[in-house]
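Trainee: Structure incoming, see below.
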Amino acid sequence: MAIAPNVQGDRQPGEYHAGVNRRQFLVRAGVAAGASVALGDIAWGRPRRDTAPARSGLPAPGWTWDEVRRQFDLAPGLIHMSSFYLVSHPRLVRDAIAEHRRGLDENPLHYIEDNVVRFETAVRDAASAHLGARPDDLAMTDSTTMGLGLIYGGMKLRPGQEILTDTHDHIATTLALQYASSRTGATLRQVPLYAAPSEANAERIVETVARNL
């Protein structure tokens, strides 16, 4: 799940606006999968005593990294560094997924109808509190890729304008910007922010961006 800000900005009539109808549509489309993971002890509209996730599985205070690693079913003997792309679920999330899968398998229609509003509200409240925003300013999407596509696809661009980005970003960002530029006639320019990761620092990156503006 990704959170996309509902940016108002200075817009003219008819310009893109992530309004209530679109946001509600996206929420309804993605909340059953995204919100359910965050609320593992709720099912059928009420708590189920026998299937609440085992919260005792969390590492105790003073935990070690080995204890944290044991929360994941990752293959031993490997160093997993792909969490930016695909990630293994910790025990609590696995338990929540299993719980909600049971509810959906037993009665898909009623499970969603009984829970979707509460799931939506709880997730938006938690996310807005974490971000320091208002719940109504957030729209939930199925994924970061969808969120990027909505944001970049909604930019009001025109021929003669340029999109400046870097060469290090995720492919979802690159493709979304390519589609936006080809659709609007704007140009897309990518610049490297550093020659080698070991030499990267905030000051040099800012200088590179400023030099290319």
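Be aware that the sequence shown starts at 14, since it is given in the working numbering, and climbs by one per residue.
Virtual Cβ for every residue (Gly too), placed ideally from N, Cα, C.
Keep in mind that this is a model prediction, so the values were computed, not measured.
Looking only at its chain, what residues have a beta carbon closer than 6 angstroms to the beta carbon of P205, apart from the 5 residues adjacent to it on each side?
Mentor: Answer for P205: T180, listed in chain order.
Trainee: In the DSSP assignment, find the beta strand (DSSP E) that holds M159 and state where it starts and stops.
Mentor: Per DSSP, M159 belongs to no beta strand (DSSP E); it is in the alpha helix (DSSP H), T157 to G166.
Trainee: Buried or exposed for A208, going by 16 or more other Cβ atoms inside 10 Å?
Mentor: The residue in question, A208, is exposed, as its Cβ has fewer than 16 Cβ neighbours within 10 Å.
Trainee: Can you tell me whether A67 is buried or exposed, with buried defined as 16 or more other CB within 10 angstroms of its CB?
Mentor: Low confidence applies to A67: its pLDDT is 43, below 50, so where it sits in the model is not reliable enough to give any reading.
Trainee: Might you give, ordered along the chain, the residues of its own chain that have their beta carbon closer than 7 angstroms to the beta carbon of Q191, omitting 5 neighbours on each side?
Mentor: Within the same chain, Q191 has close Cβ partners L201.
Trainee: Less than 9 angstroms between the C-beta atoms of G166 and R137, yes or no?
Mentor: For G166 and R137, no; Cβs fall outside 9 angstroms.
Trainee: Buried or exposed, going by whether 16 or more other CB atoms sit within 10 Å of the CB of D118?
Mentor: With fewer than 16 Cβ atoms within 10 Å of its Cβ, D118 is classed as exposed.
Trainee: What three-state label does DSSP hand R171 in the structure shown?
Mentor: Correct three-state label for R171: coil.
Trainee: Where M168 and I218 are concerned, what is the direct C-alpha to C-alpha distance, given to the nearest angstrom?
Mentor: Roughly 25 angstroms between the two C-alpha positions.
Trainee: Considering only their Cβ atoms, is the gap separating H102 from I110 smaller than 9 angstroms?
Mentor: Yes, these two residues count as a Cβ contact at 9 angstroms.
Trainee: Please return the same chain residues whose Cβ sits closer than 8 angstroms to the Cβ of S141, not counting the five positions on each side in sequence.
Mentor: Closer than 8 angstroms at the Cβ level, and outside the excluded window around S141, lie R147, P148, D150 and L151.
Trainee: Roughly how many whole angstroms lie between the Cα atoms of V100 and E175?
Mentor: So the alpha carbons of these two residues sit roughly 34 angstroms apart.
Trainee: Just verifying my parser: in three-state terms, what is the DSSP assignment at G204?
Mentor: The sequence shown places Val at residue 204, not Gly. The answer is strand: DSSP assigns V204 an E or B state.
Trainee: Taking the alpha-carbon positions, what's the A135 to E212 distance?
Mentor: Taking the straight line joining both Cα atoms gives about 43 angstroms.
Trainee: Taking all protein chains shown into account, do 16 or more other C-beta atoms lie within 10 angstroms of the C-beta of N225, making it buried, or fewer, making it exposed?
Mentor: So N225 counts as exposed.
Trainee: Quick one: grab the DSSP three-state call for D86.
Mentor: Of the three classes helix, strand and coil, the one that applies to D86 here is coil, per DSSP.
Trainee: Could you check which residue in T77, A199, T154 and T186 has the C-alpha nearest to that of G173?
Mentor: That would be A199, whose Cα lies nearest to the Cα of G173.
Trainee: What does the Cβ neighbour count give for L87, buried or exposed, with the cut at 16 atoms within 10 Å?
Mentor: With fewer than 16 Cβ atoms within 10 Å of its Cβ, L87 is classed as exposed.
Trainee: Per DSSP, what kind of secondary structure is L117 in: helix, strand or coil?
Mentor: If DSSP states are grouped into helix, strand and coil, L117 belongs with the helices.
Trainee: Hey, quick one: how far does the alpha helix (DSSP H) through G188 stretch, first residue to last?
Mentor: According to the sequence as given, residue 188 is Leu; it is not Gly. Element bounds for L188: I184 to T197.
Trainee: Smallest Cα separation from V81: which of N120, R104 and I92?
Mentor: The candidate whose alpha carbon is nearest that of V81 is R104.
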